[in-house]
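J.: I'd like to ask some things about the structure below.
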Amino acid sequence: MWVDSGAQTWRNSGVNQNFIRAFGTAVVAGCVCLLGANARALDRTNEVFKIFQFPADKIPRIDGDTNDWNIVPESYVIGSDRLVDDNGKHKPTDPSTPKIRVRVGWVKGLNRLYFLYEADDDYWDFSLPGLHNDTFELVVDGDLSGGPLIERFMPARNILGQWEAYLTLQGAQAQNYHIFTPAAGKDWCMVWGPERWVKELPYANAAYNYHFKPGQPGHLVLEFWITPFDYAGAEGPQRAVESVLKENKLIGMSFAVIDYDDVNSGGTNNGFWNLSRHHTMYGQADELCEFKLMPLEPQFVKPIEAQWSFQVVDMSRRLVAFKDLSVGVIKSWHWDFGDDKTSTEQNPIHAYKNPGHYVVVLDVEGPAGKSRRAKVWDVVVK
Ligand SMILES: [Ca+2]
Ligand SMILES: [Ca+2]
Ligand SMILES: [Ca+2]
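Numbering (the working numbering), first residue to last: 2 to 383.
The following block contains the structure:
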């Protein structure tokens with residue numbers, strides 16, 4: 002349902018009522034703090050869209066079956082009402098407009114963004130091999146660097162020339178995926194830039210589920226994940242830098258729905274709806290929206306769980322720093338360093354007398370109970 006009338010509403014309404022209903026006050030409050038005194042140039046800086054954290058034992062399987070997304074609360078869903086009618090070709094209430102629902106997820110420890118894109122359209126246009134295809138266009142800036150990602154917007158283009166700018170700059174710091182909905186007889190997407198390797202495993206994977214033919218109406222499911230990159234060059238993955246995804250990190254992202262409803266219309270699309278209010282978000286990362294990598298929802302957080310990491314500070318003194326990473330309310334810590342020495346500090350530093358492979362055990366206790374985490378032969382000093 003289109004319930005918002007587009008760009009003008011956004012300009013006039015500060016924090017939109019639909020947003021408050023859909024996204025809750027917690028993120029609104031967090032957003033105000035984040036903006037602080039120096040608001041960024043990003044679009045919609047008065048709101049942050051949420052990326053759901055999947056528990057590690059509930060990672061979505063890329064098979065076009067939506068069941069693994071049932072655990073994502075409705076507050077994470079981005080619907081058609083959030084998109085802006087970008088070029089005025091369709092009224093937001095036009096019944097021929099594709100109705101979409103987008104959910105975005107992530108998994109702590111994986112530099113991947115998972116997507117479930119569902120759409121209902123009255124005319125699925127996907128029989129041609131080129132760009133004329135119903136499309137979900139996704140732009141991702143994994144480190145909020147902003148800046149141009151398409152050669153034509155790059156200041157250095159005047160120095161480098163068009164093709165050198167394309168090969169050295171385009172898509173390097175933010176990536177644009179033209180995802181065909183659906184893709185029949187073609188790759189699942191066009192990466193708009195020379196870093197085409199990012200659309201293949203082990204950097205991306207996609208699956209569709211639909212039961213319509215070209216020109217028919219119907220429901221489309223597209224399930225996929227991509228890897229965001231701080232640097233993804235034309236030369237291939239060897240020098241690439243993945244964006245490290247961490248809890249509460251903000252990334253830049255927007256997506257657009259490009260609708261074709263007539264196979265004979267040539268290159269002309271019938272509508273272009275955008276999460277960003279700026280059509281040129283396809284090539285300007287400054288015009289993306291803010292998305293936040295959310296913590297686990299409370300029902301997936303274990304009440305108490307021991308966890309820790311360590312670092313050898315000085316091997317010549319066999320000096321090791323231990324860091325508590327336990328989850329939950331912890332009242333006491335007990336470390337057994339494996340050499341008959343113990344500590345009750347939260348984050349102890351320990352000097353081993355002798356070289357060896359050690360079994361280190363952390364026991365924690367709190368109102369929710371006890372938990373233990375041993376690591377066998379992780380701590381090795383010589
Ligand atoms: Ca699935
Ligand atoms: Ca970037
Ligand atoms: Ca269509």
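Ideal placement from N, C-alpha and C gives every residue a C-beta, glycine not left out.
As the structure is a prediction and not an experimental result, all values here were calculated from the model.
In three-state terms, what does DSSP make of Y204?
T.: coil
J.: If you run the structure through DSSP and keep just helix, strand and coil, what is R104?
T.: Correct three-state label for R104: strand.
J.: List the whole-angstrom C-beta distance separating T228 from F181, where the pair is believed to meet the contact cut-off of C-beta under 8 Å.
T.: About 19 Å; that fails the 8 Å criterion.
J.: Look at A307 and D260 and say whether their C-beta atoms are less than 8 Å apart.
T.: Not in contact: A307 and D260 (Cβ atoms no closer than 8 Å).
J.: Would you say the beta carbon of D82 is closer than 7 Å to some non-hydrogen atom of ligand 3?
T.: no
J.: Check the DSSP bridge columns for L161 and list the partner residues they point to.
T.: L161 pairs with nothing; no bridge assigned.
J.: Please report the distance separating the alpha-carbon of Q18 from that of R83.
T.: Residue placement at Q18 is poorly supported in this model, since its pLDDT is 38, which falls under 50; the coordinates still yield a value, given next. So the alpha carbons of these two residues sit roughly 12 Å apart.
J.: According to the neighbour-count rule (16 or more other Cβ atoms, all chains shown, within 10 Å of its Cβ), is M316 buried or exposed?
T.: exposed
J.: Only counting the same chain, and skipping five residues up and downstream in sequence, which positions put a Cβ closer than 7 Å to that of R102?
T.: Here R102 has V78, G80, E119 as same chain residues with Cβ atoms under 7 Å from its own Cβ, once five neighbours each way along the sequence are excluded.
J.: Could you pull out every residue in the same chain whose Cβ sits closer than 7 Å to the Cβ of H358, ignoring the five residues on either side in sequence?
T.: Within its own chain, the residues whose Cβ lies closer than 7 Å to the Cβ of H358, once the five positions on either side in sequence are excluded, are W378, V381, listed in chain order.
J.: Say whether the region 219-226 touches the region 241-257, bearing in mind that this needs 3 or more beta-carbon pairs closer than 8 Å, one atom from each stretch.
T.: no
J.: Could you give the first and the last residue of the continuous beta strand (DSSP E) run that contains Q312?
T.: 309-315
J.: Taking all protein chains shown into account, do 16 or more other C-beta atoms lie within 10 angstroms of the C-beta of G131, making it buried, or fewer, making it exposed?
T.: exposed
J.: So does the region 152-163 actually touch the region 179-193, counting three or more Cβ pairs closer than 8 Å?
T.: no
J.: How is Q54 classed by DSSP in three states: helix, strand or coil?
T.: strand
J.: Just tell me which of S128, L170, R113 has its CA closest to the CA of G143.
T.: R113
J.: Please confirm whether G172 and E196 have their CB atoms less than 8 Å apart.
T.: Contact: yes.
J.: Is DSSP giving V199 helix, strand or coil here?
T.: helix
J.: Could you tell me the distance, in whole angstroms, from the CA atom of D304 to the CA atom of T98?
T.: Note that residue 304 corresponds to Pro in the displayed sequence, not to Asp. Those two C-alpha atoms are separated by around 45 Å.
J.: Within the present structure, is the beta-carbon of D144 separated from the nearest heavy atom of ligand 2 by less than 7 Å?
T.: Yes, the Cβ of D144 comes within 7 Å of a heavy atom of ligand 2.
J.: Taking only the alpha-carbon atoms, compute the straight-line gap between E298 and Q54 and give it to the nearest angstrom.
T.: 8 Å
J.: Could you check whether the Cβ of D287 sits closer than 7 Å to any heavy atom belonging to ligand 2?
T.: no
J.: Between the Cα of L202 and those of D44, W226, I331, spot the shortest distance and give me the residue it belongs to.
T.: W226
J.: Assuming V85 and F292 make a contact with CB atoms under 8 Å, what is their CB distance in whole Å?
T.: Not confirmed; about 17 Å, so no contact.
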